[in-house]
Each structure stands twice: as C-alpha cells, then as structure tokens.
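Chains as they are written, first to last, in the numbering used here: chain G, 61 to 257; chain Y, 61 to 257.
Note that beta-carbon positions come from the ideal geometry of N, C-alpha and C, so glycine has one too.
Predicted model only: the values in this text are computed from it and were never measured.
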DNA sequence: TGATTTGTTGAACTCAGTCCAACAATCCTA
DNA sequence: TAGGATTGTTGGACTGAGTTCAACAAATCA
C-alpha cells in the first residue's frame, strides 16, 4: 500500500501533523489571527518556508479535519446504486460524511466557526471548499440527468443544509450529541424538494 | 433629504464613483489581480491611502453594483404582508432584487464571476456578502415563527438558488434576456420545500 | 484673523504568500 | 569510500493588501 522502502533524499524535518499540532495549540492560545506562520514553524522547530512544504496556506490547517472527511465524498457518491435517485445518493453521501462526527470528534473548524466570519483568509478558504464540493455534487447530479441550473441549485441547497446543521450542532455546545440528527433534519426538506426528477 | 448646505471642511478630492470608474477600467485592462490599489488611485488622481476613505477593501469595488441592489432587500422584506408566508415574502424580495438586472444591466461581479474562484480577496468578500444576507433572511424567517435550523437552512438554500441563477444567467452570455426567469426557476423548488410552515 | 472641521498625504509597519538560489542529509552506484 | 542524484530545508528578497498615525491642506465659521 503505502511506500515501505526507505525514501530517497534528505529526511523530512517536519510533518503535517507536527505543524498542525503546533498551529492548533497556538490558535487556542492566541487565536487564529493572533498566530503567525512564523510562530507555528518556530514551535515546530523548522523555518517559516517549510510550512509551505506541507500546507498551501495557513487556513488549510484550520480545515484539516473537515478536509479529510470531505475527501471521501466522491467515493461515497460512486457507491450509490444507479437505481437510486440522484438526490438520494447525495443525501446518503452527506449523511455518511456527517456520521463521522460526534461529541468525541468535533472538528476544530466547527468549534471555532464564528472565526470564519471575521478572518478574511478563513472566509476565502471556506468558500473554496464550499464551491469545490458544490461542483462535485453538481457534476454528479448532471450525470444523473439533472439539468445544469437545477443541479447547481440543489447542490448549493444541500451544502447549505450541511453548513446550517454544522453550525447548529456546534452552537449546541457540550450538550450536543451526534451531528447526524441535525444533519438529517436540515437535509430532508432539501432532498425532498429536488428529488422528484 | 440629503445635506444641501455647503459641507464644513476640506472638499473631497475623490468619490466612490471616481474610484470605481478608475478601478473597473483597470480591472478590464489588466484583470482584477493585475490591478493594484496604487494604480487605481493614481488613475483617479489621488494617493493610495485615500482609497480607504471610500472603500474598505479593493474587493468592495468588485461588488458595488450588487451591494447597491442587496441593500434594498430588508426594506423589501418589511413590506411583505404579515398574512403571506415567510417563504413567500423571501421569494418576493429576492425576485424584486433580481428584477433589477437585465441585458442592459449586468453587474460587473457577474460578468467576471469566474474570478471569484481564483482570487482570495474575492472569495472572502463573496462569502461575507452571502453570510450577511443569509443572517438577514434567517432573522426574518425566525421572526415569522421558523425554528432556527430550519430558518438557516432555508436562507442558505434560497441564496444558493440566487447564486446558481446568477451564474447560469451570466453563462448565457450575450444571448441572455432578463435574470428573472432563471431566478424564479431556481427559487421555486426551494420556496416550495420550506413553505409549508 | 484664527479656530474648527474634514479630508488628503506620506511613511512606516504587519503579515500572507511567492520565488529562487544555496545548502544539507540521505540513498545509490561505481 | 568517494561521487552523483534526490529530496527537503533554509534564508533572503520581494509583492501587495490592509492598518495606523501624525503632519498637512483646504474649506467654513465666528
């Protein structure tokens, strides 16, 4: 599977995890905006530029956990039976996505989602992710016979539901149980609206 | 209405319109990313810092026309008869918003919406606007008795429809007629899904 | 005339992100 | 055991948005 033999050149002095740990610590101590890339790399024991060997942007660290979960959506979509409707497949994929989170696993981005409202970099990176996923869903839906505008609208609406559910769940604080109930409640009217092809 | 008497201190050397004209010219000539604030202010005949007396960010110029139209939404919402459903009021407000655009009036942001995908500042500023409007709609819907999560989801979905319609309309190129048909097509399933209170 | 108000300017600064050339640590081959 | 190739790290210089602040300029008002 993964590369087992010893790698070729100079060994890595850092890793995504190392930098991520340093960064999240600092985000908690000084806030996202109050943390510079230099502080992150200093704590990780490498130089500033090395950061960009592992992440494209400071904001990428903010989203790592969500990104990992988002990555599986395409695979999840492709396992949908061709007999099921497009929207049902989307619903299943998004519920599978949401099923990964619970009281014991709250992605950092969600615990701090108010930040997205106030930090430019986070807004930009949030929208990047939203539009990427929307394009993914919309392509899938068009491949299932949806007309373009309808596919786009349905995708935006479904992802909007995911975001709303995530925020409501995060707002629920320590009392929150699983994300799933929030997600399926938010998703169901949207799926229903676009399901009848 | 507006201040009629002569203003007190030093007269303005610039104006939003002056800077906007200079900026949009340069955006067309060199692209958004290829235009610096300094170039804008130089063309407008003022100094760099003066730009920030009139706009909070370079990206604000990109959205001016849309911002102007968005400003009227709260007023539009408040004119809705209390007898009408919340979603009907939202639909009416968004259609009124969309009704302002046609082949003769295509906001700059829409003619160049692909840019939003590639320029960080534009992504951030786009999401700012999206969330601001969403908060507005959600507050309105909660005031009409919607439960929070439902209000948020419906707001995101409705605005998603607006965005999808705007993009589809922009994609239609010179052949496009009014925005309204696109908008009402995108909006109708969403309104229907959340209408039955 | 001088005080007040409002707007403009320049300078210095922070920080994310980019680019590039020098260098360091490893493995592989002869 | 010495080269070469490979991979990663580092430092330096740079761009450009956005912020802050103090100095200055142009107007009105008393």
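Item	Value
If we ignore side chains and look at the alpha-carbon of each, how far apart do residue 220 (chain G) and residue 196 (chain Y) end up?	15 angstroms
Determine the chain Y residues that contact residue 177 (chain G) at a beta-carbon separation under 7 angstroms, and present them in chain order.	191
Taking 8 angstroms as the threshold, find out whether the segment 96–106 of chain Y comes into contact with the segment 130–140 of chain Y through three or more Cβ pairs.	no
Could you name the residues that DSSP lists as bridge partners for residue 204 (chain Y)?	Its beta-bridge partners do not exist; DSSP assigns none.
Against chain G, with Cβ distances strictly below 9 angstroms, would residue 109 (chain Y) count as a contact?	no
Counting only Cβ-Cβ distances shorter than 8 angstroms, please list the residues of the segment 154–171 of chain Y near chain G, keeping chain order.	none
At a Cβ threshold of 9 angstroms, is residue 234 (chain G) touching chain Y?	no
Considering just the uninterrupted stretch of the alpha helix (DSSP H) at residue 128 (chain G), what are its terminal residues?	118–130
At what residues does the alpha helix (DSSP H) containing residue 108 (chain G) begin and finish?	108–114
How would you list, in chain order, the residues of chain Y whose beta-carbon sits under 8 angstroms from the beta-carbon of residue 241 (chain G)?	Within chain Y, no residue comes near residue 241 (chain G); the closest Cβ sits about 10 angstroms away, beyond 8 angstroms.
Where in the segment 129–180 of chain Y do unbroken runs of the beta strand (DSSP E), each at least 3 residues long, occur, reported from the N-terminal end onward?	none
First and last residue of the alpha helix (DSSP H) that includes residue 81 (chain Y)?	76–90
Does the pairing of the segment 90–103 of chain G with the segment 143–152 of chain G give three or more beta-carbon distances under 8 angstroms?	no
Measuring only the C-alpha atoms, how far is residue 189 (chain Y) from residue 145 (chain G)?	33 angstroms
Quick check on the burial criterion: 16 or more other C-beta atoms within 10 angstroms. Buried or exposed for residue 164 (chain G)?	exposed
CB-CB under 7 angstroms to residue 171 (chain Y), same chain, minus the five flanking residues each way: which ones, in chain order?	230
Residue 111 (chain G): buried (16+ other C-beta within 10 angstroms of its C-beta) or exposed?	buried
Closest Cβ-Cβ distance between residue 228 (chain Y) and chain G: below 9 angstroms?	yes
Measuring CA to CA, which of G:204, G:201 and G:216 is closest to residue 191 (chain G)?	G:216
List the residues of chain Y whose Cβ lies closer than 7 angstroms to the Cβ of residue 223 (chain G), in chain order.	216
Report all residues from its chain with a CB closer than 8 angstroms to the CB of residue 98 (chain Y); omit the five preceding and five following residues, and keep chain order.	108
Output, in chain order, the set of chain Y residues within a Cβ distance shorter than 8 angstroms of residue 150 (chain G).	What residue 150 (chain G) touches in chain Y: nothing, since even the nearest Cβ is about 14 angstroms away.
Helix, strand or coil for residue 102 (chain Y)? Go by DSSP, reduced to three states.	helix
Inspect the beta-carbon positions of residue 168 (chain G) and residue 122 (chain G) and report whether they are closer than 9 angstroms.	yes
Only counting the same chain, and skipping five residues up and downstream in sequence, which positions put a Cβ closer than 8 angstroms to that of residue 127 (chain G)?	120 and 189
Span of the alpha helix (DSSP H) holding residue 246 (chain G)?	240–255
Just to confirm before moving on: does the CB-CB distance between residue 280 (chain Y) and residue 250 (chain G) stay below 9 angstroms?	Only positions 61 to 257 of chain Y appear in this structure, which leaves residue 280 (chain Y) out of reach.
So, are the CB atoms of residue 187 (chain G) and residue 222 (chain Y) less than 9 angstroms apart?	no
Could you tell me whether any Cβ in chain G is nearer than 9 angstroms to the Cβ of residue 130 (chain Y)?	no
Between residue 212 (chain Y) and chain G, is the shortest Cβ-Cβ distance under 9 angstroms, so that the two count as touching?	yes
Can you check whether the C-beta of residue 145 (chain G) is within less than 9 angstroms of a C-beta belonging to chain Y?	no
Are any of the Cβ atoms in chain Y nearer than 9 angstroms to that of residue 206 (chain G)?	no
Taking Cβ positions only, does residue 203 (chain Y) come closer than 9 angstroms to chain G?	no
State the CB to CB distance for the pair residue 181 (chain G) and residue 118 (chain G), rounded to an integer number of angstroms; the pair is presumed to be in contact (CB under 8 angstroms).	6 angstroms
Got a sec? Which residues, its chain only, sit under 8 angstroms from residue 148 (chain G) by beta carbon, not counting five neighbours each side?	140, 251 and 255
Please state the DSSP three-state secondary structure of residue 73 (chain Y).	coil
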